[in-house]
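Using the numbering used here, the letters of the sequence shown correspond one by one to residues 10 to 164.
Note that the Cβ used here is the ideal one computed from N, Cα and C, for glycine as well.
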Amino acid sequence: MTTVNVNGVDHQVDVDDDMPLLWVVRDVLGMTGTKFGCGAGLCGACTVHIDGEAQFACQTPIASVGTSKVTTIEAMKDSPIGKAVQEAWIDTDVVQCGYCQPGQIMRACAMIAKSPQPTDAEIDEVMYTNLCRCGCYPRIRAAIHKATGAGKVAA
Ligand code: FES
Ligand code: FES
């Protein structure tokens, strides 16, 4: 048995040590907000927070998590940054198909926690790891500015 803390709750899971955290949260714990995209660390759809850092859950063996705190998109509505970002996402109509969006929000929130008013250059530098096949990048950037109080940028 492995104990993993997800969204503030300790869960005991009976899985192989090398099972990716992505499968633990989705298939074992039933939290399907975190998405599977490439499974190879190339798309960012699976982004979660581990001790506040944005990480690819598909590239994180469960045994490597240890006592770290995992946060998924399901808990972001309960944090001030997550709430502000999700409201800005809605106000800005960011979402097209939506598949990449939990990962985008998780990475944006981790960035904002460190840099409360990121510049366009900072946003590009941090967010490039999260791909959006629908091309929502201008609205993602605008929503980040809206959430951080810097006003909308031209989309
Ligand atoms: S599914 Fe993890 S980076 Fe693509
Ligand atoms: S909204 Fe469709 S992949 Fe990003």
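Assigned exposure category for residue i - 16 Cβ within 10 Å defines buried
i	result
V34	buried
K86	exposed
G107	exposed
I99	exposed
P89	exposed
A151	buried
V74	buried
Contact set for residue i: own chain, Cβ-Cβ below 6 Å, skip 5 residues either direction
i	result
M10	Q21 and D23
A156	A93, V94 and A97
Pair within 7 Å by beta-carbon distance, residue i and residue j
i	j	result
A117	I153	yes
L140	C52	yes
N16	T80	yes
W115	A63	First, the amino acid is wrong: residue 115 is Met here, not Trp. A contact, by the Cβ cut-off of 7 Å.
P111	G46	no
Sequence-distant residues of its chain with Cβ nearer than 7 Å to residue i (five each side left out)
i	result
S124	E131
R148	T101, D102, V103 and A164
Same chain, Cβ closer than 8 Å to residue i, neighbours up to 5 away in sequence not counted
i	result
D26	T11, P70, I71 and A72
G91	A84, M85, I114 and C118
A122	G61 and I90
| query | Taking a cut-off of 6 Å, which residues have a beta-carbon closer than that to any heavy atom of ligand 2, in chain order? | reply | V104, Q105, C106, G107, Y108, C109, Q110, C141, R142, C143 and C145
| Check your reading: residues with Cβ closer than 6 Å to ligand 1 heavy atoms | F45, G46, C47, G48, G50, L51, C52, G53, A54, C55, F65 and C67
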